[in-house]
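As structure tokens, the structure follows; a few thoughts come after it.
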Ligand code: AHR
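Numbering (the numbering used here), first residue to last: 15 to 536.
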């Protein structure tokens with residue numbers, strides 16, 4: 015199913031590219047970009063939950079990446095490595111989604127509580143067939159949240175778990191009293207945990223049970239019934255949503271189960287050629303593959319538009335939010351790594367994929383109030399890579415750090431009229447951007463130049479802003495595939511940007527090729 019849908023996506027994309035190419039040929043390239051920011055017409059809040067991270071029991075996402083247990087050679091606090099936690103704290107990660115993914119569809123929470131020596135060692139059947147020690151379970155997850163300063167988003171097991179098991183897991187975590195609260199207290203946590211977000215399954219169309227949407231909607235209603243929050247608390251329920259462009263899934267879920275939900279998810283990965291299983295090398299690629307990946311990333315805009323239109327039919331007030339809780343690049347794994355571990359390097363190209371997504375989410379802030387990049391550490395488009403004691407921050411990490419002022423800011427509509435960047439059959443506007451009024455009162459502007467060869471000067475009219483000063487940072491690198499390695503960890507990192515000026519109400523920005531610039535205007 016997954017494969018079929020993703021192949022259909024590829025076909026559609028090629029078709030779309032052809033249409034875009036016709037449009038693009040009419041444009042005059044090489045012109046500077048003009049833009050307007052409508053600070054006088056503020057939009058929706060850019061929800062900080064858009065910066066949610068996803069941590070699955072997959073490869074070294076948890077074990078080795080976040081958790082090293084009693085390994086004294088890697089400084090840690092209660093098993094979680096201090097270097098990684100400090101880096102994540104610096105991002106102000108609002109929420110961590112756990113324990114999967116497909117892992118969640120087979121996860122039985124009771125195997126991950128109590129004395130570690132009593133926890134069963136299982137096989138991670140979905141991810142590489144390696145042993146799963148269950149050393150990180152529910153109580154360790156909440157310790158991770160405490161250290162990072164994030165909130166919980168649990169993915170429940172609808173795949174091969176029962177509604178009773180799900181209900182008891184919620185009770186174990188949240189009940190103020192009763193036998194499961196006593197069990198939690200026995201495990202060292204007398205006070206209930208807060209569980210603000212609970213996923214009613216994951217990918218029910220695939221690894222979560224290969225269900226048809228009608229059956230999945232009924233199962234969602236049934237399981238959601240038993241996710242009960244104690245008096246005075248609220249658990250928001252997020253249904254397993256569509257894969258890519260399966261708007262029928264969204265339609266059926268909203269029609270049949272929308273009244274039981276707070277959020278509905280959408281999963282879309284940026285894949286070379288849209289191909290699944292994924293192809294392409296994360297760090298060895300040419301300009302055609304650069305353009306290919308960026309055009310695939312830009313598809314997120316159209317997908318959200320289409321799923322939102324379906325949701326609008328059933329929920330015009332936008333009560334149910336769209337949670338794009340899996341997105342990011344997915345390539346063939348790094349050479350020499352376990353194929354089930356989804357380990358991939360992260361280059362400047364991934365940084366632009368991230369900024370393009372964050373800009374698209376601004377455009378849809380009224381409906382998209384949560385997203386989760388996949389994944390946090392060592393898996394897919396990761397923030398952080400580790401190897402034993404070593405840790406490196408990826409270019410994607412730096413984009414998330416630069417866009418921190420977007421968290422809970424107010425979106426300022428931006429119109430961008432940019433020249434087109436063309437490479438082979440791939441065509442796209444050269445400049446992506448978004449703007450917000452931050453909680454600090456400043457206007458923050460993000461601009462990315464997707465063209466790896468041509469600089470671009472952007473002249474931005476600021477409606478409703480009387481500003482005199484601008485400062486900012488830039489992320490770029492010598493090559494399209496520049497990356498941060500353990501030997502050279504600072505090849506791609508943000509530095510001060512001096513290419514922006516304010517004059518007579520116009521902000522002029524000289525964007526170098528292949529760059530992400532974030533500006534503070536005041
Ligand atoms: O993120 C990797 C996997 O992608 C997740 O486990 C699954 O939900 C999706 O198919």
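Beta carbons: idealized from backbone N, C-alpha and C, even for Gly.
As the structure is a prediction and not an experimental result, all values here were calculated from the model.
With C-beta atoms as the reference, is residue i less than 9 Å away from residue j?
{"i": "residue 58", "j": "residue 379", "result": "yes"}
{"i": "residue 462", "j": "residue 486", "result": "no"}
{"i": "residue 141", "j": "residue 73", "result": "yes"}
{"i": "residue 113", "j": "residue 121", "result": "yes"}
{"i": "residue 408", "j": "residue 364", "result": "yes"}
{"i": "residue 494", "j": "residue 344", "result": "no"}
{"i": "residue 531", "j": "residue 513", "result": "yes"}
{"i": "residue 245", "j": "residue 274", "result": "no"}
{"i": "residue 278", "j": "residue 252", "result": "yes"}
{"i": "residue 466", "j": "residue 361", "result": "no"}
{"i": "residue 397", "j": "residue 410", "result": "yes"}
{"i": "residue 372", "j": "residue 337", "result": "no"}
{"i": "residue 368", "j": "residue 294", "result": "no"}
{"i": "residue 219", "j": "residue 230", "result": "yes"}
{"i": "residue 60", "j": "residue 420", "result": "yes"}
{"i": "residue 143", "j": "residue 106", "result": "no"}
{"i": "residue 115", "j": "residue 70", "result": "yes"}
{"i": "residue 474", "j": "residue 459", "result": "yes"}
{"i": "residue 79", "j": "residue 392", "result": "yes"}
Go through its chain and collect everything with a Cβ distance to residue i's Cβ below 8 Å, but skip five positions before and after it.
{"i": "residue 104", "result": "415"}
{"i": "residue 243", "result": "184, 188, 209, 249"}
{"i": "residue 36", "result": "With a pLDDT of only 31 at residue 36, under the threshold of 50, the placement of this residue in the model should not be trusted; the figure read from the coordinates follows. Around residue 36: no qualifying Cβ."}
Leaving out five residues before and five after residue i in sequence, what residues of the same chain have Cβ atoms less than 6 Å from its Cβ?
{"i": "residue 404", "result": "500"}
{"i": "residue 326", "result": "none"}
{"i": "residue 221", "result": "116, 119"}
{"i": "residue 264", "result": "256, 321, 324"}
{"i": "residue 550", "result": "As displayed, the chain neither begins before 15 nor continues past 536, which places residue 550 out of reach and without an answer."}
What span of residues does the alpha helix (DSSP H) with residue i cover, start to end?
{"i": "residue 186", "result": "177-188"}
{"i": "residue 301", "result": "301-328"}
{"i": "residue 268", "result": "261-271"}
{"i": "residue 369", "result": "362-377"}
{"i": "residue 162", "result": "152-162"}
{"i": "residue 413", "result": "409-416"}
Sorted by chain position, which residues of the same chain lie with C-beta nearer than 7 Å to residue i's C-beta, five sequence neighbours on each side aside?
{"i": "residue 7", "result": "A query on residue 7 cannot be resolved here, the shown segment of the chain reaching from 15 to 536 and no further."}
{"i": "residue 96", "result": "89, 90"}
{"i": "residue 453", "result": "422, 423"}
{"i": "residue 62", "result": "108, 421, 422"}
Give the range of the beta strand (DSSP E) segment to which residue i is assigned.
{"i": "residue 451", "result": "445-451"}
{"i": "residue 50", "result": "47-52"}
{"i": "residue 516", "result": "514-517"}
{"i": "residue 111", "result": "109-112"}
{"i": "residue 477", "result": "470-477"}
{"i": "residue 383", "result": "382-388"}
{"i": "residue 529", "result": "529-535"}
May I have the straight-line CA-CA distance separating residue i from residue j, to the nearest angstrom?
{"i": "residue 424", "j": "residue 172", "result": "36 Å"}
{"i": "residue 42", "j": "residue 526", "result": "Only weak support is given to the placement of residue 42: the predicted model assigns it a pLDDT of 41, under 50, and the value that follows is read from those uncertain coordinates. Their backbone Cα atoms lie some 19 Å apart in a straight line."}
{"i": "residue 206", "j": "residue 178", "result": "19 Å"}
{"i": "residue 46", "j": "residue 266", "result": "45 Å"}
{"i": "residue 159", "j": "residue 285", "result": "30 Å"}
{"i": "residue 417", "j": "residue 65", "result": "9 Å"}
{"i": "residue 464", "j": "residue 505", "result": "19 Å"}
{"i": "residue 276", "j": "residue 256", "result": "15 Å"}
{"i": "residue 32", "j": "residue 439", "result": "At residue 32 the pLDDT is 31, less than 50, meaning the model places this residue with poor confidence and gives no usable figure here."}
{"i": "residue 135", "j": "residue 170", "result": "20 Å"}
{"i": "residue 270", "j": "residue 333", "result": "16 Å"}
{"i": "residue 472", "j": "residue 49", "result": "7 Å"}
{"i": "residue 479", "j": "residue 262", "result": "43 Å"}
{"i": "residue 315", "j": "residue 489", "result": "23 Å"}
{"i": "residue 129", "j": "residue 204", "result": "16 Å"}
{"i": "residue 502", "j": "residue 406", "result": "9 Å"}
Under 9 Å, Cβ to Cβ, is there at least one residue of chain B near residue i?
{"i": "residue 403", "result": "The chain inventory of the structure shown lacks chain B, comprising one protein chain alone."}
On the criterion of 16 or more Cβ atoms from any shown chain inside 10 Å, does residue i qualify as buried, or is it exposed?
{"i": "residue 497", "result": "buried"}
{"i": "residue 145", "result": "exposed"}
{"i": "residue 228", "result": "exposed"}
{"i": "residue 18", "result": "Low confidence applies to residue 18: its pLDDT is 37, below 50, so where it sits in the model is not reliable, and the reading given next is rough at best. With fewer than 16 Cβ atoms within 10 Å of its Cβ, residue 18 is classed as exposed."}
{"i": "residue 198", "result": "buried"}
{"i": "residue 309", "result": "buried"}
{"i": "residue 260", "result": "buried"}
{"i": "residue 330", "result": "exposed"}
{"i": "residue 192", "result": "exposed"}
{"i": "residue 217", "result": "buried"}
{"i": "residue 339", "result": "buried"}
{"i": "residue 132", "result": "exposed"}
{"i": "residue 400", "result": "buried"}
{"i": "residue 429", "result": "exposed"}
{"i": "residue 174", "result": "exposed"}
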